[in-house]
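Count along the sequence shown starting at 1, add 34, and that's the number in the working numbering.
No residue lacks a Cβ here, since even glycine has one placed at the ideal position from N, Cα and C.
First comes the structure, then the notes that go with it.
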Amino acid sequence: MNRVDVSKIGNWDIKFRPMFGRIIQELAEKNEDIVFVVSDSGRACRCSGFERCPDQFVDCGIAEQNMTGVAAGLARGGKKPVTFAFSPFASERCFEQIRVDVAYSELDVVVVGSEGGIGMGTQGVTHFGWEDIAVMSSLPGMTIFCPADHMAMISLLERALEMKGPVYLRLNGGIPERIYQSREPLEQGGAVVYGIGTDVNFLVSGPLLWEALKARKQLEEEGISAGVADMFQIKPMDEAVVLELAAASKALITIEEHTVVNGMGSMAANILAAHGCGCRLEKIGLPDAYPHTVSPYKDMLKEYHFTAEDFAAAARKLAAGKEG
35 MNRVDVSKIG
45 NWDIKFRPMF
55 GRIIQELAEK
65 NEDIVFVVSD
75 SGRACRCSGF
85 ERCPDQFVDC
95 GIAEQNMTGV
105 AAGLARGGKK
115 PVTFAFSPFA
125 SERCFEQIRV
135 DVAYSELDVV
145 VVGSEGGIGM
155 GTQGVTHFGW
165 EDIAVMSSLP
175 GMTIFCPADH
185 MAMISLLERA
195 LEMKGPVYLR
205 LNGGIPERIY
215 QSREPLEQGG
225 AVVYGIGTDV
235 NFLVSGPLLW
245 EALKARKQLE
255 EEGISAGVAD
265 MFQIKPMDEA
275 VVLELAAASK
285 ALITIEEHTV
295 VNGMGSMAAN
305 ILAAHGCGCR
315 LEKIGLPDAY
325 PHTVSPYKDM
335 LKEYHFTAED
345 FAAAARKLAA
355 GKEG
């Protein structure tokens with residue numbers, strides 16, 4: 035399959051949505067089987083129509099259930115459909131159609147959920163992907179990717195389009211810090227490990243990887259041995275990496291912009307329990323309660339303790355053997 039020419043991407047300092055819009059258009063121009071199916075969300079990623087390949091763009095209006103059914107039909111016909119909407123609408127509003135039309139039929143459909151977690155900020159709970167991973171991970175055969183930056187997004191989208199079966203690609207909000215300079219670390223497996231700590235190790239999904247890497251640097255300067263793993267493939271999770279980091283350290287800390295219930299942290303806990311690991315596990319994520327106030331995205335990240343300082347503080351407690 036043709037790939038994106040990353041050398042021609044001049045501006046990396048933009049949000050996930052417009053970058054995704056650019057990338058999906060380029061991929062569609064190179065592969066006539068790719069069809070971009072949206073629910074009045076084309077403008078959100080700055081592509082309300084494909085100028086060079088208009089027949090590969092379908093706008094179903096504000097009708098995510100119909101969008102999913104159209105994508106399933108296209109997949110049945112041998113196409114590679116990619117659906118796109120804000121994360122709660124892409125995954126939850128049309129869950130029955132994803133379950134029955136796509137997952138049950140094992141169709142090659144890539145579902146893209148934008149602004150996962152609290153990425154929509156002041157738009158409120160209706161637009162938050164608070165529990166989208168919990169919902170989508172319940173579907174048999176569903177692969178889930180959560181990229182940390184634009185290069186990861188490009189690599190994982192290309193992987194998703196080459197895979198058999200359904201894929202959920204979760205994009206977060208904001209402008210991600212650039213971490214990866216090439217695709218290579220993400221072209222196989224399900225995780226990238228940045229050192230293995232003997233005191234504590236972080237398992238991270240999404241752009242919060244940047245903050246975890248900053249926390250690791252702080253801890254190392256204090257003499258605390260810390261490692262970080264980018265768990266970019268949430269399902270199926272890379273069990274070998276989880277077990278390796280658990281065996282090496284006193285504790286694991288999972289970090290995700292998602293409810294702590296049935297998210298990435300819960301999947302890691304299941305792996306530890308299944309293998310009888312006695313490693314301590316602490317989950318950092320959104321609480322098991324919806325917010326009743328909202329604020330801009332950057333402010334909400336601080337409110338929910340998604341900062342390097344917060345991660346380092348949690349690690350210090352665990353390294354010292356204290357309760358979190």
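Legend entry - First through last residue of the alpha helix (DSSP H) which encompasses L286: Here residue 286 refers to the residue found at position 252 of the sequence shown. Per DSSP, L286 belongs to no alpha helix (DSSP H); it is in the beta strand (DSSP E), A285 to T293.
Inset, instruction - Please name the residue, chosen from D183, M197, Y228 and H326, that lies closest to Y214 on a Cα-to-Cα basis. - result: Within the sequence shown, the letter at position 180 stands for residue 214. The option with the nearest alpha carbon to Y214 is D183.
Inset, instruction - Could you pull the start and end residues of the beta strand (DSSP E) that D93 belongs to? - result: Along the sequence shown, read from residue 1 onward, the residue named residue 93 stands at position 59. Taken as a continuous stretch (DSSP letters only), the beta strand (DSSP E) holding D93 covers F91 to D93.
Inset, instruction - Could you round the C-beta distance between V145 and A106 to whole angstroms and report it? I think they count as a contact, below 8 Å. - result: Here residue 145 corresponds to residue number 111 of the sequence shown, with the count starting at 1. Here residue 106 corresponds to residue number 72 of the sequence shown, with the count starting at 1. The pair is not a contact, with the Cβ atoms about 11 Å apart (cut-off 8 Å).
Legend entry - F50, enclosing alpha helix (DSSP H) - first and last residue: For the purposes of this step, residue 50 is taken as the residue at position 16 of the sequence shown. Segment F50 to K64, the alpha helix (DSSP H) holding F50.
Inset, instruction - State yes or no: is the C-beta of G257 within less than 8 Å of the C-beta of I230? - result: By one-based count along the sequence shown, residue 257 stands at place 223. By one-based count along the sequence shown, residue 230 stands at place 196. Contact flag unset, no.
Inset, instruction - Taking only the alpha-carbon atoms, compute the straight-line gap between L203 and E66 and give it to the nearest angstrom. - result: Here residue 203 refers to the residue found at position 169 when the sequence shown is read from its first residue. Here residue 66 refers to the residue found at position 32 when the sequence shown is read from its first residue. Cα-Cα distance, rounded: 21 Å.
Legend entry - Under the three-state DSSP convention, the category T327 falls into: For the purposes of this step, residue 327 is identified with residue 293 of the sequence shown, where counting begins at 1. T327: coil per DSSP, three-state reduction.
Inset, instruction - Return the bridge partner residues of R314 from the DSSP annotation. - result: Translated into positions along the sequence shown, residue 314 becomes position 280. A285.
Legend entry - Exposure of K114, with buried meaning 16 or more beta-carbon neighbours within 10 Å: By one-based count along the sequence shown, residue 114 stands at place 80. Counting Cβ neighbours within 10 Å, K114 comes out buried, since at least 16 surround it.
Legend entry - Same chain only: Cβ atoms within 7 Å of D47, ignoring 5 sequence neighbours per side: By 1-based counting over the sequence shown, the position of residue 47 is 13. Hits under 7 Å: I209.
Legend entry - Reduced DSSP category for K198 - H, G, I as helix; E, B as strand; rest coil: Within the sequence shown, the letter at position 164 stands for residue 198. Of the three classes helix, strand and coil, the one that applies to K198 here is coil, per DSSP.
Legend entry - Nearest-angstrom Cα separation, counted from V295 out to A323: For the purposes of this step, residue 323 is taken as the residue at position 289 of the sequence shown. For the purposes of this step, residue 295 is taken as the residue at position 261 of the sequence shown. So the two alpha carbons sit approximately 10 Å from each other.
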